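Working notes, beginning with the structure itself.
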Amino acid sequence: FLSSLLADVEMLGAPDPELAATMGFSGFGKKARTFDLEAMFEQTRRTAVERSRKVLEAREREKEDQAEKEFRSPRTDSSASASSATGAGSTLTQRDTACSESEDTSDEELTGPSMQSQTSAQGPAEDTDGDDEDDEFIGPPLPPGFKDSDDDNDDDTEEEDNNPVKKIPDSHEITLQHGTKTVSALGLDPSGARLITGGYDYDVKFWDFAGMDASLQAFRSLQPCECHQIKSLQYSSTGDVILVVSGNSQAKVLDRDGFPVMECIKGDQYIVDMTNTKGHTAMLNSGCWHPKIKEEFLTCSNDGTVRTWDVNNEKKHKSVFKPRSVQGKRVIPTTCTYSRDGKLIAAGCQDGSIQIWDRNMSVHTKFHCRQAHAPGTDTSCLTFSYDGTVLASRGGDDTLKIWDIRQFKKPLNSAERLPSFFPMTDCCFSPDDKILVTGTSVKKGGGSGKLFFFYRETFQKLYEIEVTDASVVRCLWHPKLNQIMVGTGNGLAKVYYDPVKSQRGAKLCVVKTKRKERQAETLTQDYIITPHALPMFREPRQRSTRKQLEKDRLDPMKSHKPEPPVAGPGRGGRVGTHGGTLSSYIVKNIALDKTDDSNPREAILRHAKEAEENPYWVAPAYAKTQPKTVFAEVEPEDDETDKPEWKKRKI
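This is the structure:
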C-alpha cells in the first residue's frame, strides 16, 4: 500500500508545464512540495508507543497504591466493606475512563505493534481483576422498600404455586347466546380459534373469536341431525373435522365450515349379536376422537356396544367392545373416552361400573370397577388426567370421584352432594393437572348453577363460581387459551378468562367495537334519479330513508319475515312438504279438497234461488213446456224395523 501511494505522489510531483498553463495555475510555483511518508509513519508509531507506555505505567502505579491501601486498612465491619467496594468502583470507573481515553486516542492515531504485545501480556491479569470487581457491589445501597421486577415475578410465581386459586382465570366473562334450550355440547379446536355449541334445540352454532366483534354473534348455524338433540361435539386432534353425536344412531363428521364429510352406517336391528352388524342400532350417548390418530373416533350407544370408526370407511366400524354386567348380561354404556396416549378405551355403564379395555383387545376388559357409582344411574363423564395415571368420573348419583387405574378397587378421593340432572354433565382437569372442575344442576327457581373447583390431591373445594340461575351442564378448560367455557341449561355459553393469564380467545373479540347495523333497503321503494325528465314526470327527491325505515319497522305487516319452507317430516305444528311422487301429490290435494259431494241434490238446490232470479241457460229452454220447475220430493227413509230379517240391509 505504501509503495503504491509513494508512486502516486511521485507521479503528481512534477506537473506538465503545458497542462499547467492551460489550466491556469502555472503561477503558483513550478514544483510541488514532496512529503516523506515513511518518516511520517515512523514518527506516528514512536508517539503511540510512548503514550501506551505512559498509560501502562500509570495503571501499574494506581494498582500498587490500591493494594497498599487495602493492606493498611483491614475490613472489620460492613461499613468499611461498603466504602472499599465503593472505592473499588470509583477506581474501576477511573480506570475505564483512562482506558477509553487511551483507546480513543489510539484509534485516532495508528498504534504500533508494541502496544498489542504489551496489552496481550497484561490482558489475563486485568480480566481476572475485572471479574472480581464485578462480583462486588458497585454504587450506593438500594432503598429499603425497593424490589427488582425479576424478584416480583419470582414472588408471584411462588405465590401462584402455593395458592392454586390464583391460577383460575375468572376475573372477566363473556356470554354467548346459543338459544333458549339447554346447551348440551361444547367443542374447541386445538388452537382455540373456534368454538362450537350444540343444544336441545337441534342447532349447532359456530363462533369465531377472531372474526367476532363485541356483539358476539355466531357466524354459522345449522341442524346437522334434523330433529335430534345434540349429545356431543368435538374437534379432531388436528382441528380440521368435527364429530357430531346426536340422539339418533348415526354419528356424523363435519368439516370446519359445517359441511358433511361422512355419516356412520346404521346397523341391522334384527340381528341379536351386535358384533355381526355394521353399525349402531339404537340412540347414541357419547363419542370422542382418538388423541393421536386423526382418522379414528369412538361412539357408544343404547344397543350396548362401544364402537371405533375410521373417517375414510363409513360402511363398517373398525372394532366393537361389549360391556357386560357381573352376570354376563348386556349393559348400556352412557359415556366413553380414550386415554391420553390412546391405548385404553374406558366406558361408564348404567349398572354403575367403569370398564376399561386395551384398544387392540376387544374381548376382555383390562381394568374394571363394578361399584364405581350407584347402579341404575347414568355416569355422565369420564376423563383422564394429562399425566395419564388418574381417571375422573362424574356420576348420576351426585358424586365426583377420581381413580388410580392401577388400583381400581376404590377411589382415591370422592366429592358428594353435587346434583346432576343431565346425562352429559361434564368434569375436566386444569392445564397444570392440579385442579378438577365440574358443574351442578338446579331445578327451575331453585337457585344458581355453580362451577366447583377441587384440589386434585386432597379433593378440598378451592373455589366456586355462580354461573347463572340454571344448571351448569358442560365445562371445558382449554390448555392453550387458559379460558373456561361453560354450557348452561338456559341456552347460554359463557367464557371465563383473565386478561393477564389467558391468551387470545375471548380477548380478541371484546376489544372490537360493534359494527353499525345496516337497515334493510328492501323495505323502501327504489328511487330512480332522472335529471333530464320533464317536471311533470320527475319524482321528488327523497331526503332520507331512515325515518321511513323506522316507520316500516313498527308496521307488523311490512316487518313480518316469511317462514322458510319446512324440510323433512315437519315440526312445530307445520306439515312438511310432499314428496316427489304422484301418489303423495294426489293425497295432499285430496286432503286440501273442502267440497262436500255427499248429497248431490242439496248441492244442486243450493243454486236454485239464483237460477230463478237470473234465468240464463236452462230456464228459458223450458219456458213453454215446463214453466214451473218440478223437483223430486224427498222420500222419507223406510223404517227397517218393520221389515223381515232377510230384507234388512246387512252392514
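If you count by full-length UniProt numbering, then the sequence shown holds residues 1 to 651, one letter each, in order.
Beta carbons are placed, not taken as given, at the ideal position from N, Cα and C, and that holds for glycine.
All values reported here derive from a predicted model rather than from experimental measurement.
Counting the other CB atoms within 10 Å of its CB gives Leu534 a total below 16, which places it among the exposed residues.
Annotation: Arg553 is outside any beta strand (DSSP E); the continuous alpha helix (DSSP H) that includes it extends over 546-554. Pairing Gly487 with Glu173, the inter-Cα distance amounts to about 13 angstroms. The segment 336-360 is shown to contain no whole alpha helix (DSSP H) run of 4 or more residues. Between Leu418 and Thr438, the C-beta spacing is below 8 angstroms.
The C-beta distance from Phe429 to Ser471 rounds to 22 angstroms, too long to meet the 8 angstroms contact threshold. Val473 is positioned such that its CB atom lies no closer than 8 angstroms to that of Val245. With at least 16 other beta carbons inside 10 angstroms of its own, Leu233 counts as buried. The shortest C-alpha to C-alpha distance from Phe297 to any of Asn313, Glu645, Thr458 is the one to Asn313. DSSP, reduced to helix, strand and coil, places Val311 outside both helices and strands of the structure shown, so it counts as coil. Annotation: Pro260 is outside any alpha helix (DSSP H); the continuous beta strand (DSSP E) that includes it extends over 260-263. Sixteen is the threshold: when 16 or more other Cβ atoms of the shown chains lie within 10 Å of the Cβ of Val204, as they do, the residue is buried. Annotation for Glu610: the continuous alpha helix (DSSP H) segment containing it runs 608-613.
Taking 8 angstroms as the cut-off, the beta carbon of Lys278 is found closer than this to the beta carbon of Gly267. When DSSP states are grouped into helix, strand and coil, Pro333 belongs to the strand group. Of all alpha-carbon atoms in Asp213, Gln229, Gly258, the one lying nearest the alpha-carbon of Leu222 is that of Gly258. Minimum Cα-Cα distance from Leu188 among the listed residues Ile528, Lys624, Gly505 corresponds to Gly505. If you draw a straight line from the Cα of Gly396 to the Cα of Trp207, it is about 30 angstroms long. Going by C-alpha positions, Met40 is about 32 angstroms away from Arg61. DSSP places Val437 in no alpha helix (DSSP H) but in the uninterrupted beta strand (DSSP E) bounded by 435-439. Per DSSP, Cys509 is one residue of the alpha helix (DSSP H) stretching across 506-510. Taken in chain order, the complete beta strand (DSSP E) segments of 3 or more residues contained in the segment 394-475 are 400-404, 413-415, 427-429, 435-439, 449-455, 461-468. In this structure, Ser171 lies near Asp498, with their beta-carbon atoms less than 8 angstroms apart. Annotated as distal: Lys444 and Thr175, with beta-carbon spacing of 8 angstroms or more. The C-beta distance from Arg324 to Ile345 rounds to 15 angstroms, too long to meet the 8 angstroms contact threshold. Pro169 is the residue among Pro169, Arg59, Leu400 whose C-alpha sits nearest the C-alpha of Val500.
From the listed residues Leu412, Ser441, Ser448, Arg256, the smallest Cα separation to Thr458 is found for Leu412.
For Arg370, no alpha helix (DSSP H) encloses it, and the DSSP letter there is neither H nor E.
Cβ-Cβ distances below 8 angstroms link Asn276 to nothing in the same chain once the five nearest sequence neighbours on each side are left out.
Annotation: the continuous beta strand (DSSP E) that includes Arg194 extends over 194-199.
Under the DSSP definition of a beta bridge, Lys252 partners with Val244, Glu263.
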